[in-house]
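Working notes, structure below.
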Amino acid sequence: MSTYQIAALGRGSTRLGRLRGLIRGRCVLIVAGSVVAVTVLTAVFAPLIAPYDPNAVDPTAVYQPSSSAHWLGTDDAGRDILSRLLYGARSSLLAPALVTLTAGLVGTALAVSAAWLGGWYDRLVSALLDIVFGFPGLILAVVVAAMFGAGLTVAVVTLSVAYLPFIGRVVRSAALRERQLPYVSALRMLGVSGRRICLRHLTPNLLPLVLVQIATSYGYALLDVAAFSFIGLGVQPPTAEWGLMVANGSTGILAGRPEQSLYAGVVIVVFVIACNLLGGSLSQRLLGDNR
Amino acid sequence: MTGTHALLEVKNLHVTLTGDRRRRTVLHRVDLAIPAGAALGLVGESGSGKSLTARTVLGLLPQGARVEGEVRFDGRSLTAMAPAALRGIRSHEIAMVFQDPRAHINPVRTIGDFLTEGLVTTRGVRRAVAEARAAALLGEVGIADGARRLRQRPSELSGGLLQRVMIAAALLTEPRLLLADEPTTALDVTTQAEVMAIIDETRLQRGLAMLFITHDLALAAAVCDRIAVMYAGSVVEELPSGHLSDAEHPYTRALMASRPDLGGPGKKLTAIKGRPLSAFETGPGCAFAPRCPDARDTCTTQHPALLPAGSGQAACHFPHHPRAAAGAAERSTSDA
Amino acid sequence: MPEHTPGAILEATGLRKTFGDFTAVDDVSLTLTPGASLAVVGESGSGKTTTARMIAGLEQPTTGTILLAGRQPPGPRARTTERRRFAQHVQMVFQDPYTSLDRHQRIGDSITEVLALHTDLRGSARTARMTELLEQVGLNPQQAISRPRSLSGGQRQRAAIARALAVQPRLLVLDEAVAALDVSVQAQILTLLQDIRRQTQVAYLFITHDLGVVPHIADEIVVMRQGRVVDRGTTTEVLDRSQHPYTRALIDSVPRRGWKPRRRPATPT
Numbered sequence: 001m002s003t004y005q006i007a008a009l010g011r012g013s014t015r016l017g018r019l020r021g022l023i024r025g026r027c028v029l030i031v032a033g034s035v036v037a038v039t040v041l042t043a044v045f046a047p048l049i050a051p052y053d054p055n056a057v058d059p060t061a062v063y064q065p066s067s068s069a070h071w072l073g074t075d076d077a078g079r080d081i082l083s084r085l086l087y088g089a090r091s092s093l094l095a096p097a098l099v100t101l102t103a104g105l106v107g108t109a110l111a112v113s114a115a116w117l118g119g120w121y122d123r124l125v126s127a128l129l130d131i132v133f134g135f136p137g138l139i140l141a142v143v144v145a146a147m148f149g150a151g152l153t154v155a156v157v158t159l160s161v162a163y164l165p166f167i168g169r170v171v172r173s174a175a176l177r178e179r180q181l182p183y184v185s186a187l188r189m190l191g192v193s194g195r196r197i198c199l200r201h202l203t204p205n206l207l208p209l210v211l212v213q214i215a216t217s218y219g220y221a222l223l224d225v226a227a228f229s230f231i232g233l234g235v236q237p238p239t240a241e242w243g244l245m246v247a248n249g250s251t252g253i254l255a256g257r258p259e260q261s262l263y264a265g266v267v268i269v270v271f272v273i274a275c276n277l278l279g280g281s282l283s284q285r286l287l288g289d290n291r
Numbered sequence: 001m002t003g004t005h006a007l008l009e010v011k012n013l014h015v016t017l018t019g020d021r022r023r024r025t026v027l028h029r030v031d032l033a034i035p036a037g038a039a040l041g042l043v044g045e046s047g048s049g050k051s052l053t054a055r056t057v058l059g060l061l062p063q064g065a066r067v068e069g070e071v072r073f074d075g076r077s078l079t080a081m082a083p084a085a086l087r088g089i090r091s092h093e094i095a096m097v098f099q100d101p102r103a104h105i106n107p108v109r110t111i112g113d114f115l116t117e118g119l120v121t122t123r124g125v126r127r128a129v130a131e132a133r134a135a136a137l138l139g140e141v142g143i144a145d146g147a148r149r150l151r152q153r154p155s156e157l158s159g160g161l162l163q164r165v166m167i168a169a170a171l172l173t174e175p176r177l178l179l180a181d182e183p184t185t186a187l188d189v190t191t192q193a194e195v196m197a198i199i200d201e202t203r204l205q206r207g208l209a210m211l212f213i214t215h216d217l218a219l220a221a222a223v224c225d226r227i228a229v230m231y232a233g234s235v236v237e238e239l240p241s242g243h244l245s246d247a248e249h250p251y252t253r254a255l256m257a258s259r260p261d262l263g264g265p266g267k268k269l270t271a272i273k274g275r276p277l278s279a280f281e282t283g284p285g286c287a288f289a290p291r292c293p294d295a296r297d298t299c300t301t302q303h304p305a306l307l308p309a310g311s312g313q314a315a316c317h318f319p320h321h322p323r324a325a326a327g328a329a330e331r332s333t334s335d336a
Numbered sequence: 001m002p003e004h005t006p007g008a009i010l011e012a013t014g015l016r017k018t019f020g021d022f023t024a025v026d027d028v029s030l031t032l033t034p035g036a037s038l039a040v041v042g043e044s045g046s047g048k049t050t051t052a053r054m055i056a057g058l059e060q061p062t063t064g065t066i067l068l069a070g071r072q073p074p075g076p077r078a079r080t081t082e083r084r085r086f087a088q089h090v091q092m093v094f095q096d097p098y099t100s101l102d103r104h105q106r107i108g109d110s111i112t113e114v115l116a117l118h119t120d121l122r123g124s125a126r127t128a129r130m131t132e133l134l135e136q137v138g139l140n141p142q143q144a145i146s147r148p149r150s151l152s153g154g155q156r157q158r159a160a161i162a163r164a165l166a167v168q169p170r171l172l173v174l175d176e177a178v179a180a181l182d183v184s185v186q187a188q189i190l191t192l193l194q195d196i197r198r199q200t201q202v203a204y205l206f207i208t209h210d211l212g213v214v215p216h217i218a219d220e221i222v223v224m225r226q227g228r229v230v231d232r233g234t235t236t237e238v239l240d241r242s243q244h245p246y247t248r249a250l251i252d253s254v255p256r257r258g259w260k261p262r263r264r265p266a267t268p269t
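Residue numbers (the working numbering), protein chains in the order written: chain A, 1 to 291; chain B, 1 to 336; chain C, 1 to 269.
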């Protein structure tokens, strides 16, 4: 009696190959998921966890190094950096969430209706998505901010539009494939309305893809919101926000105290990496099952 | 015919796979023997384990598969062989033809690239020589304008033509065993007849042995010397294909009766009730007992062993000749 | 407009369909009476599926007319209300049971969705009718809560048949409805279709490449090749007495006892 194992080769072995990916994907999912979950929890419970008021200015304790009183030290106005990071999670996380959810909702609605109706409407939607896709989000935001003034609302609305193509283009091509499937013909012959086919059949079947697109865009949206705040077009001081903290810390760098920029930068990088890993792992799990 | 000279011998094969958390038995017990130059039809419904048997022979099981028992090719044990040696056997001595040729060919390369790549890169044959050989082989599988076809891409060929290209590719390495896994299931019946004729002729000309996997008993009988019928991960009957009408196992007989064919207007189609069990669902008794018209108490409690019966072997507690059974009249009309 | 034969539920006259320069269907005429069963047999590329899709209203004929119970079917771009009114004239069962059901929808829901549109049944009466339909196609009522992925190919095809029967159609177009199934499961579905036709008087238009299944499902046969009808007659006439060489070639390619596969004389492909 002998036992042998041979690595998966060729097409027929995809089932176990996928299983291996799932296990590996699960470790990533746990680590990335924990980072995201902890960050979200700190945002929600910031008032309970933060040792200081994030906006409490203390001219006597400017640029303090880390100590038992201020774990991560203080900034140029003597504010506690840890408290500002914790509170900063709130606007830093919420703004990209609004961006991706709006883009996801509107993008899916546009994509499914375009794929279903076809004709001039589809061409119009595709053209608009292509035009927006060609525009760098930041430049779009600068133009809009010049017209309507800076601020978080303008940033979120502009970025929502800028992110439409990331959801819309992918979902539209998937919806075009989906509507060719025989079950759609069967539903039409049974007299089911186009509206109902779109809402009750096509969209639920495309939902995993939409979720994956939202999850993978989230990290980028967070970077973009932070970049907005960094160049002064997003969140306005003195509100605590990660991008703003990086910008604000630049004066400290010259003074030989880079802590604020450094910590805020590290938090952004770690969180964005975790988001992207989570998105990738979601994509493997959700879409791997359906294909 | 489990002679000592069998080219391929499968003994006591038992395979488990790791599914979503659980280990599942996919093959309970498979014994097969194919002498050099002979053809065996491995027949069963979806999920009976027939394709997995072929994958086990080739060592193409997914990771985490546990194989017990033995697979011997030309006296060498494939189960104990190092992966590199196994790859050698796969590329030189055993060739495979699959159900869906389009999934096994690179859509952006030409037919010529596909056919000659192996010869040029691993055997050092000159490109012009390899192309001439490929074109000649295409002629042999019924593709007349081989030289033109070599420059075409898979998308320009119909399913039937592409399957012939796959057969040519399988023959190119001059293997000794051909594994054909449902090679005609995706084709029209007319194309099926043609592709099967090509497989049959070239096989006989070259003295190639074949393991032919199909769900169609009549098709297997037409091109194979012997038939092994699988059900729920075990071989339940093994017999010469000429003796199918004297099948001992009720499952084999039920499969025969359920084949839609041109048996004349009087021929009634008898479907097997219920659904086939998977190997991991089987209980202590005979796996076919829940669907068997002749099942008795013993059948649900005791597992039948594969024992000599009639002109072959059958795993049934109560094998009997259909001539004695009620369905005899029906069968003789369909013979006419 | 051709005259309407009283009693016919399907009259297709002079159907022709072109895609660009390619003529997929050329001058095909078919008639079906209530409860009849007609098989359209041909290889891939014979135009049989395009013919079926035109009759089902999924394609618009380039020329020619289709009358279903004397009325012209709505085209593929027709409004929902028109299509809904026409649903009980013709329904279709597709070849691939893996894509003809919505993969996220439970089997029971796919049937009640149709019942909600086409019947006055509400609440428990609707559920009872759904259960009845599942039983009619040989599915266990407990499978109402199954999603397609947990069913076998044969079970999915049964579910697709139940969904089509929910509108009580007078004509069911079966497009290679057993081709993707194991031989043993083909027998089950063919027997089921025989029973349903006896019980409900539904007519079948059975599209297939396999003449072997035809005697078990159809009374009449139309043989198509390269878009044209080349042979037609009752099932016995065609299978036993047809002199048409192409029909003979189709008959000869059906595996059976004592059959040997043969190469056809070279035909241009």
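All C-beta atoms in this analysis are idealised placements derived from N, C-alpha and C, irrespective of residue type, glycine included.
- In the displayed model, I217 of chain C falls within coil according to three-state DSSP, outside both helix and strand.
- In the DSSP assignment, T74 of chain A forms a beta bridge with A:D80.
- Beta-bridge pairing by DSSP links K268 of chain B to no other residue.
- At a cut-off of 9 Å between beta carbons, Q95 of chain C contacts chain A.
- Along the segment 88-120 of chain B, none of the residues has a CB nearer than 8 Å to a CB of chain C.
- Counting along the chain, L7 of chain B sits inside the beta strand (DSSP E) bounded by residues A6 to T18.
- Between the C-alpha atoms of P293 of chain B and L269 of chain B there is a straight-line separation of about 16 Å.
- Inclusion of M245 of chain A and R123 of chain A in the CB contact set at 9 Å is not warranted, their separation being larger than that value.
- Looking at the DSSP output, A309 of chain B shares a beta bridge with B:G312.
- According to the DSSP assignment, R29 of chain B belongs to the beta strand (DSSP E) that extends over R23 to P35.
- For chain A, the residues of the segment 69-88 of chain C that bring a beta carbon within less than 7 Å of one of its beta carbons are T80, R83, R84 and A87, in chain order.
- Residue range K50 to L58 is occupied by the alpha helix (DSSP H) that includes L52 of chain B.
- Residue-level contact check: G142 of chain B touches chain C, since one or more beta carbons of chain C fall below 9 Å from its beta carbon.
- Within the DSSP secondary-structure output, D175 of chain C pairs in a beta bridge with C:I207.
- S250 of chain A sits exposed, since fewer than 16 C-beta atoms from the chains shown fall within 10 Å of its C-beta.
- In the displayed model, K48 of chain C falls within a helix according to three-state DSSP.
- Taking C-beta separations shorter than 6 Å and ignoring five residues to either side along the sequence, the partners of R169 of chain A in its chain run L129, following chain order.
- Using a Cβ-Cβ cut-off of 9 Å, T282 of chain B does not count as an interface residue toward chain C, since no Cβ of chain C sits closer than that to its own.
- Nearest in C-alpha terms to P183 of chain B, of all of B:E281, B:G124, B:A95 and B:A85, is B:A95.
- Counting along the chain, G160 of chain B sits inside the alpha helix (DSSP H) bounded by residues G159 to L172.
- In terms of Cβ geometry, M130 of chain C and A166 of chain C form a close pair [threshold 9 Å].
- Looking from the CA of G285 of chain B, the closest CA among B:T298, B:K273 and B:V125 belongs to B:T298.
- Look at Q60 of chain C here: in three-state DSSP terms it is coil, with no helix or strand label.
- Look at the beta carbons and you see the segment 21-32 of chain C touching the segment 48-66 of chain C: at least three pairs across the two are nearer than 8 Å.
- A direct Cα-Cα distance of roughly 52 Å separates R257 of chain C from R122 of chain C.
- Here K50 of chain B is buried, its C-beta having at least 16 other C-beta atoms within 10 Å.
- Under the three-state reduction of DSSP, P183 of chain B is assigned to coil, being neither helix nor strand.
- A Cβ-Cβ separation of about 28 Å leaves V165 of chain B out of contact with G44 of chain B under the 8 Å criterion.
- Counting along the chain, T234 of chain C sits inside no alpha helix (DSSP H); it lies in the beta strand (DSSP E) bounded by residues R228 to T234.
- Beta-bridge partners assigned by DSSP to K17 of chain C: C:V25.
- Its Cα nearest to that of D181 of chain B, the residue B:L52 stands out among B:T16, B:L52, B:E248 and B:V26.
- Comparing alpha-carbon positions, the option among C:T80, C:G70 and C:R149 lying closest to P97 of chain C turns out to be C:R149.
- At least one CB of chain C lies nearer than 9 Å to the CB of I198 of chain B.
- Remark: fewer than three beta-carbon pairs, one from each stretch, lie closer than 8 Å, so the segment 59-74 of chain A and the segment 91-102 of chain A are not flagged as touching.
- By the criterion of a C-beta distance shorter than 7 Å, T247 of chain C is surrounded in its chain by V223, D231 and V238, once the five residues flanking it on both sides are discounted.
- Counting C-beta pairs with one atom in each stretch, the segment 47-59 of chain C and the segment 170-181 of chain C have three or more that are closer than 8 Å, which means they touch.
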